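A.B. asks: Take this structure first; my questions come after.
Number of protein chains: 2
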Amino acid sequence: MLLVLSLMSASCVSSSLLALQQVLDSMPPVRAMQIRVRDYRDGCLRLAAPLAANVNDKGNAFGGSLASALTLSGWALVTLQLRLAGHDAEVYVADSHLRYLSPVHEDLAAQAQAAPDADWATFLSTFAQRRKARIAVVATQPGVDGRPAAELSGRFVAFARG
Amino acid sequence: MLLVLSLMSASCVSSSLLALQQVLDSMPPVRAMQIRVRDYRDGCLRLAAPLAANVNDKGNAFGGSLASALTLSGWALVTLQLRLAGHDAEVYVADSHLRYLSPVHEDLAAQAQAAPDADWATFLSTFAQRRKARIAVVATQPGVDGRPAAELSGRFVAFARG
Numbered sequence: 000m001l002l003v004l005s006l007m008s009a010s011c012v013s014s015s016l017l018a019l020q021q022v023l024d025s026m027p028p029v030r031a032m033q034i035r036v037r038d039y040r041d042g043c044l045r046l047a048a049p050l051a052a053n054v055n056d057k058g059n060a061f062g063g064s065l066a067s068a069l070t071l072s073g074w075a076l077v078t079l080q081l082r083l084a085g086h087d088a089e090v091y092v093a094d095s096h097l098r099y100l101s102p103v104h105e106d107l108a109a110q111a112q113a114a115p116d117a118d119w120a121t122f123l124s125t126f127a128q129r130r131k132a133r134i135a136v137v138a139t140q141p142g143v144d145g146r147p148a149a150e151l152s153g154r155f156v157a158f159a160r161g
Numbered sequence: 000m001l002l003v004l005s006l007m008s009a010s011c012v013s014s015s016l017l018a019l020q021q022v023l024d025s026m027p028p029v030r031a032m033q034i035r036v037r038d039y040r041d042g043c044l045r046l047a048a049p050l051a052a053n054v055n056d057k058g059n060a061f062g063g064s065l066a067s068a069l070t071l072s073g074w075a076l077v078t079l080q081l082r083l084a085g086h087d088a089e090v091y092v093a094d095s096h097l098r099y100l101s102p103v104h105e106d107l108a109a110q111a112q113a114a115p116d117a118d119w120a121t122f123l124s125t126f127a128q129r130r131k132a133r134i135a136v137v138a139t140q141p142g143v144d145g146r147p148a149a150e151l152s153g154r155f156v157a158f159a160r161g
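Protein sequences appear in the order of chains A and B.
Each residue of the first sequence is one higher than the last, beginning at 0 in numbering that gives the first Met the number 0.
Each residue of the second sequence is one higher than the last, beginning at 0 in numbering that gives the first Met the number 0.
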């Protein structure tokens, strides 16, 4: 029984990630950045994008592409959590703080999770009650020696559709 | 004499804006967003980009494109001020705070200027002395009724080349 539930859940995640990719592909600037949904595991959603499509005049990752990938990883994470809970919502970024810590010479790899002081249970129950909720997310672009090359702290707001 | 100086200065601004456009066009993600240098007047640098190339799944401006255009308007302003002062520098965004206040249903129009507590004379003299300097910039995307639809407060750092 547990195995069946676990397989069902994995299948829900896979189909939701596919749906997220379709939304990303429907946005011309995101398509141009070639941003791909990579995976979702242990509360962390990862996106990837090739450096070649996101390079600046200095040969490293363009700050706007880093901002876009980090913001989208947070947006995708919040959207995924709502879908897995059976909700149909529009998710927007409300605000964000970005720190660019070192140049990125590799492909982009944004990974998002709930902020340390945020929790999905509270977010989802607020959404179910008020048809609107917000949550804080942190997203990082890995750098060298385990330190992030860029970081985003952002708040995302979800509105029930219809 | 004043008229000649003023004409020379206008010509310097024009050629610097053209050089900035060439740098923007050399970056694949910026070219995809079709970001254009519009003008520079009274300390304010403006960029523009068509909504069609920057639209999200909801039919309004993609947050990553707004972040990119606002960040680039700040980057272009700092680069321009350094060029007009005769400096050759690499300019990077160090950090930024973005607020998305209302959906943008029009073309993107980022406008950047020095933050209220920043001043170009101090920035340029620090750069001349230390070959490195940073300055705070504010950039906005206009919204309805004179209120911004999105705002960026960011710090940019310049390093002397060579």
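Where is the CB? At the ideal position from N, CA and C, for every residue including glycine.
On a predicted model such as this, the values are computed, not experimentally measured, just so you know.
According to DSSP, T139 (chain A) sits in a beta bridge with which residue or residues?
C.D. replies: Taking the first sequence and counting its residues from 1, one reaches residue 139 (chain A) at position 140. Answer is A:Q110 and A:E150, bridged to T139 (chain A).
A.B. asks: Using only the heavy atoms of the ligand MN, determine whether one of them is closer than 6 Å to the beta carbon of A157 (chain B).
C.D. replies: Absence of the ligand MN from the depicted structure is noted, as is the absence of any ligand whatsoever, leaving it without description.
A.B. asks: Sort A:L65, A:D106 and A:L71 by Cα distance to D56 (chain B) and report the nearest one.
C.D. replies: Against the second sequence, residue 56 (chain B) aligns to sequence position 57. The shortest C-alpha separation from D56 (chain B) is found at A:L71.
A.B. asks: Keeping to the same chain, check which residues put their C-beta closer than 8 Å to that of V29 (chain A); ignore five residues upstream and five downstream.
C.D. replies: Here the question's residue 29 (chain A) lines up with position 30 in the first sequence. Excluding sequence neighbours, V29 (chain A) sits near L23, S67 and L71.
A.B. asks: Evaluate the contact criterion for the region 97-116 of chain B versus the region 131-149 of chain B: three or more CB pairs, one atom per stretch, below 8 Å.
C.D. replies: yes
A.B. asks: What would DSSP say about R98 (chain A), mapped onto helix, strand or coil?
C.D. replies: Start at 1 with the first residue of the first sequence, and residue 98 (chain A) comes out as number 99. The answer is strand: DSSP assigns R98 (chain A) an E or B state.
A.B. asks: Are the beta-carbon atoms belonging to N53 (chain A) and L107 (chain A) less than 7 Å from one another?
C.D. replies: Taking the first sequence and counting its residues from 1, one reaches residue 53 (chain A) at position 54. Taking the first sequence and counting its residues from 1, one reaches residue 107 (chain A) at position 108. A contact, by the Cβ cut-off of 7 Å.
A.B. asks: Check each candidate in B:L16, B:R154, B:P49 and B:R82 and name the one with the smallest Cα separation from P115 (chain B).
C.D. replies: Mapped onto the second sequence, residue 115 (chain B) falls at position 116. When each option's Cα is compared against that of P115 (chain B), the closest is B:R154.
A.B. asks: Using a C-beta to C-beta distance shorter than 8 Å, which residues of chain A count as neighbours of T70 (chain B)?
C.D. replies: Position 71 of the second sequence, counted from the first residue, corresponds to residue 70 (chain B). Ordered by position in chain A, the residues that pass the 8 Å Cβ test against T70 (chain B) are G62, G63 and A66.
A.B. asks: How would you call S10 (chain B), buried or exposed, if buried means at least 16 neighbouring beta carbons within 10 angstroms?
C.D. replies: As a position in the second sequence, residue 10 (chain B) is number 11, starting the count at 1. By the neighbour-count rule (16 or more Cβ atoms within 10 Å), S10 (chain B) is not buried but exposed.
A.B. asks: For chain A, is any of its Cβ atoms less than 7 Å away from the one on A88 (chain B)?
C.D. replies: Here residue 88 (chain B) refers to the residue found at position 89 when the second sequence is read from its first residue. It does not: the Cβ of A88 (chain B) has no partner Cβ on chain A nearer than 7 Å.
A.B. asks: What residues in its chain sit with their C-beta under 6 Å from that of S64 (chain A), if we drop five residues either side in the sequence?
C.D. replies: Within the first sequence, the letter at position 65 stands for residue 64 (chain A). Counting only residues of its own chain and dropping the five nearest sequence neighbours on each side, S64 (chain A) has a CB closer than 6 Å to the CB of M32 and N53.
A.B. asks: Check for me: the beta strand (DSSP E) holding V36 (chain B) runs from which residue to which?
C.D. replies: Working through the second sequence from its first residue, we reach residue 36 (chain B) at position 37. R35 to R40 is the span of the beta strand (DSSP E), which, as asked, contains V36 (chain B).
A.B. asks: Flag N59 (chain B) as yes if its beta-carbon sits less than 7 Å from any beta-carbon of chain A, otherwise no.
C.D. replies: To locate residue 59 (chain B), count along the second sequence from 1; it is residue 60. Using beta-carbon distances, N59 (chain B) does not count as an interface residue toward chain A, since no partner is under 7 Å.
A.B. asks: Give the residues from the region 73-97 of chain B that approach chain A closer than 9 Å (Cβ to any Cβ), ordered along the chain.
C.D. replies: Among the residues of the region 73-97 of chain B, those with a Cβ less than 9 Å away from any Cβ of chain A are W74, E89, Y91, V92, A93, D94, S95, H96 and L97, in the order of the chain.
A.B. asks: Less than 8 Å between C-beta atoms, sequence neighbours within five positions excluded: which residues of the same chain meet that for Q20 (chain A)?
C.D. replies: The sequence position of residue 20 (chain A) within the first sequence is 21, counting from 1. Beyond the five residues adjoining it in sequence on each side, Q20 (chain A) comes within less than 8 Å, by CB distance, of R35 and V36 in the same chain, given in chain order.
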